[in-house]
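One structure below.
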Amino acid sequence: MKEQSFIIVTDSGCDMFADYLSASNVACVQLGYTMNGVNYGDGGETLSLSDFYAQLRDGAKPTTYQATPESVRERVEPILQSGKDALCISFSSGLSGTCGSYQVAAKSLMEKYPERKVIVVDSLCASMGQGLL
10 MKEQSFIIVT DSGCDMFADY LSASNVACVQ LGYTMNGVNY GDGGETLSLS
60 DFYAQLRDGA KPTTYQATPE SVRERVEPIL QSGKDALCIS FSSGLSGTCG
110 SYQVAAKSLM EKYPERKVIV VDSLCASMGQ GLL
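Sequential numbering of the sequence shown, starting at 10, is according to my numbering.
If you want it as structure tokens, here you go:
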């Protein structure tokens, strides 16, 4: 079986379990959110689902934020350094600026690694629609 010459990259907007993504060799950019003044996800703290929902029951109101070009670069650059290309499937541009962050990161990475390809696909989906794509 021929080794795959590219890695699929998506973001946590795909709502796929981390174990599944890892087993499928899919890289994932973590989207972030802020709740009770604490940043979670993209470079921030982690919070278990039970604690997340407990905070919601206590009246917390989380706000989400898009992936940054830097967080995308951090996830994609090691792929390019390994000699593989990246196929990035982003959260819908109709719901977030995350696709724009992928595009900014892709442009700078392809300038740095001209022999590599970084293709960005706007999923136009969220949640399992993005995951299925």
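Note that beta-carbon positions come from the ideal geometry of N, C-alpha and C, so glycine has one too.
Tell me which residue opens and which closes the beta strand (DSSP E) that GLY41 is part of.
For the purposes of this step, residue 41 is taken as residue 32 along the sequence shown, with counting starting at 1. Boundaries of the beta strand (DSSP E) around GLY41: 41-44.
### Task
Reducing DSSP to helix, strand and coil, say where GLU83 ends up.
Reading the sequence shown from its first residue, position 74 is the one you call residue 83. The three-state reading of DSSP puts GLU83 in helix, counting H, G and I together.
| said: Given this structure, state the Cα-to-Cα distance separating CYS108 from THR19, to the nearest angstrom. | reply: As a position in the sequence shown, residue 108 is number 99, starting the count at 1. As a position in the sequence shown, residue 19 is number 10, starting the count at 1. Near 10 angstroms, if we compare the C-alpha coordinates of THR19 and CYS108.
Hey, is VAL38 close to the ligand ZN, as in C-beta under 7 angstroms from one of its heavy atoms? No copy of the ligand ZN occurs in the structure displayed, which carries no ligand at all.
Legend entry - Cβ-based burial, ASP51 [other Cβ within 10 Å; buried from 16]: Within the sequence shown, residue 51 is the residue found at index 42, counting from 1. By the neighbour-count rule (16 or more Cβ atoms within 10 Å), ASP51 is buried.
- Assuming GLY41 and TYR74 form a contact by the criterion Cβ under 8 angstroms, report the distance between their Cβ atoms to the nearest whole angstrom. If you number the sequence shown from 1, residue 41 lands on position 32. If you number the sequence shown from 1, residue 74 lands on position 65. The pair is a contact, with the Cβ atoms about 5 angstroms apart (cut-off 8 angstroms).
**Message:** Tell me which residues share the same chain as SER110 and place their Cβ nearer than 7 angstroms to its Cβ, disregarding the 5 neighbours each side in the sequence.
**Reply:** As a first step, residue 110 is located in the sequence shown; it is residue number 101 there, counting from the start. Beyond the five residues adjoining it in sequence on each side, SER110 comes within less than 7 angstroms, by CB distance, of GLN75, ALA76, THR77, PRO78 and VAL81 in the same chain, given in chain order.
**Q.** Distance, ASP67 Cα to TYR29 Cα
**A.** The count along the sequence shown starts at 1 and reaches residue 29 at position 20. The count along the sequence shown starts at 1 and reaches residue 67 at position 58. Computed Cα separation, rounded: 31 angstroms.
Practice task
Could you tell me whether the Cβ atoms of LEU96 and LEU118 are closer together than 8 angstroms?
Solution key: For this step, residue 96 is matched to residue 87 along the sequence shown. For this step, residue 118 is matched to residue 109 along the sequence shown. Cβ distance not < 8 angstroms, so LEU96 and LEU118 don't count as in contact.
inquiry  = Quick check: SER136 and ASP60, are their CB atoms within less than 8 angstroms of each other?
reply    = Within the sequence shown, the letter at position 127 stands for residue 136. Within the sequence shown, the letter at position 51 stands for residue 60. For the 8 angstroms CB-CB criterion, SER136 and ASP60 do not form a contact.
### Query
Roughly how many angstroms separate the alpha carbons of GLU86 and LEU65, rounded to a whole number?
Counted from its first residue, the sequence shown places residue 86 at position 77. Counted from its first residue, the sequence shown places residue 65 at position 56. About 36 angstroms.
Exercise. How would you label TYR62, buried or exposed, when you count the other beta carbons within 10 angstroms and need 16 or more for buried?
Worked result: Mapped onto the sequence shown, residue 62 falls at position 53. An exposed status is given to TYR62, since fewer than 16 other beta-carbon atoms sit within 10 Å of its beta-carbon.
*Relative to the alpha-carbon of GLY92, which residue among LEU142, SER99 and LYS126 has its alpha-carbon at the smallest distance?*
If you number the sequence shown from 1, residue 92 lands on position 83. Residue LYS126 holds the alpha-carbon nearest to the alpha-carbon of GLY92 among LEU142, SER99 and LYS126.
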